[in-house]
Amino acid sequence: KKIDSTAKHGFSEAVKMAEIVEGMTTLSRIESGEVRLNKKPVDIPGLIGQAFERLKPEVEARHLQFETDLHQAGLTVMADALQLEQVIYNVLHNAVKFTPEGGRIKASAVKEGAALTVCIQDNGPGIAPDELERIFERFYKADKSRHGGGTGLGLAIARHIIESHGGRIWANSRPGAGCCICFSLPL
Numbered sequence: 002k003k004i005d006s007t008a009k010h011g012f013s014e015a016v017k018m019a020e021i022v023e024g025m026t027t028l029s030r031i032e033s034g035e036v037r038l039n040k041k042p043v044d045i046p047g048l049i050g051q052a053f054e055r056l057k058p059e060v061e062a063r064h065l066q067f068e069t070d071l072h073q074a075g076l077t078v079m080a081d082a083l084q085l086e087q088v089i090y091n092v093l094h095n096a097v098k099f100t101p102e103g104g105r106i107k108a109s110a111v112k113e114g115a116a117l118t119v120c121i122q123d124n125g126p127g128i129a130p131d132e133l134e135r136i137f138e139r140f141y142k143a144d145k146s147r148h149g150g151g152t153g154l155g156l157a158i159a160r161h162i163i164e165s166h167g168g169r170i171w172a173n174s175r176p177g178a179g180c181c182i183c184f185s186l187p188l
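In the working numbering, the protein residues as written are 2 to 188.
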């Protein structure tokens, strides 16, 4: 039994290292300009739906409620669909990870002036104000108690992708009141 436990630990460490290498490779390619954006009209509600489908087993296993507010017409931007889906997936995955069992996640999108803003809100533990900007840094984890909870690269990747599209990404939160991560892109 002890050998099984050691083997499982070694396997999970190898998987985590592979995730870190993949994340760092992705970041390096984006930062170096190697990733060329293939911009075309992208339907934001469709991308949110695709990202949700990828996370659906985890959402259902944890009995999370997933709501959307995507009713406004014309929620389309000129963007690289694969890159933008990665952003939405990364942000939604964080919301799923940090929302307590039975909790709620809401995805919304709205056109505001010359931009489209997407927000993903959860009712998890929240983030201290002094850590909000840091969550978009490589390897930064606001919740230090979750050592195995990811690589700390997902939001850094999201930031670089959004900025390469001429947009911006930010977070609103406070401890005990959940977190809302938003990004805006030019229409």
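Ideal placement from N, C-alpha and C gives every residue a C-beta, glycine not left out.
Tell me whether residue i is buried or exposed, calling it buried when 16 or more other Cβ atoms sit within 10 Å of its Cβ.
i	result
GLY167	exposed
ARG160	buried
ALA178	exposed
GLN84	buried
GLU86	buried
Would you mind reading off the limits of the alpha helix (DSSP H) that contains residue i?
i	result
GLU164	155 to 165
PRO46	45 to 62
Here's a check: name, in chain order, each residue in its chain whose Cβ is nearer than 6 angstroms to the Cβ of residue i, leaving out the five neighbours to either side.
i	result
ALA129	PRO176
SER109	ASP70, CYS120
ALA96	ILE106, ILE121, ASP123
ASN173	CYS181
Using CA coordinates, which residue listed in the options is at the minimum distance from residue i?
i	options	result
ALA116	GLU134, LEU188, CYS181	LEU188
ILE158	PHE53, HIS72, VAL92	VAL92
VAL78	LYS112, LYS107, LYS57, ALA52	LYS112
GLU54	HIS72, CYS181, GLN84, ILE89	ILE89
ILE49	ALA74, ARG139, ARG37, ALA82	ALA82
ARG37	CYS183, ARG169, ILE162, ILE182	ILE162
PRO126	PRO46, CYS181, GLU134, LEU156	CYS181
GLY155	ASN173, HIS94, GLN73	HIS94
GLU164	PHE184, GLU59, SER174, ALA172	PHE184
GLY75	ILE45, TRP171, GLN51	ILE45
GLU1	PHE67, ILE170, LYS57	An answer regarding residue 1 cannot be provided, because it is not within the stretch 2 to 188 covered by the chain.
GLN73	GLU138, ILE136, PHE137, THR118	THR118
Given residue i, which residues of its chain have a CB within under 7 angstroms of its CB, disregarding the five upstream and five downstream residues?
i	result
ALA80	LYS40, VAL43, HIS166, LEU186
Taking CB distances under 7 angstroms as the criterion, tell me whether residue i reaches chain D.
i	result
ARG139	In the structure shown, chain D cannot be found, because there is only a single protein chain.
Check whether the region 57 to 65 and the region 95 to 104 touch, using three or more Cβ-Cβ pairs below 8 angstroms as the test.
yes
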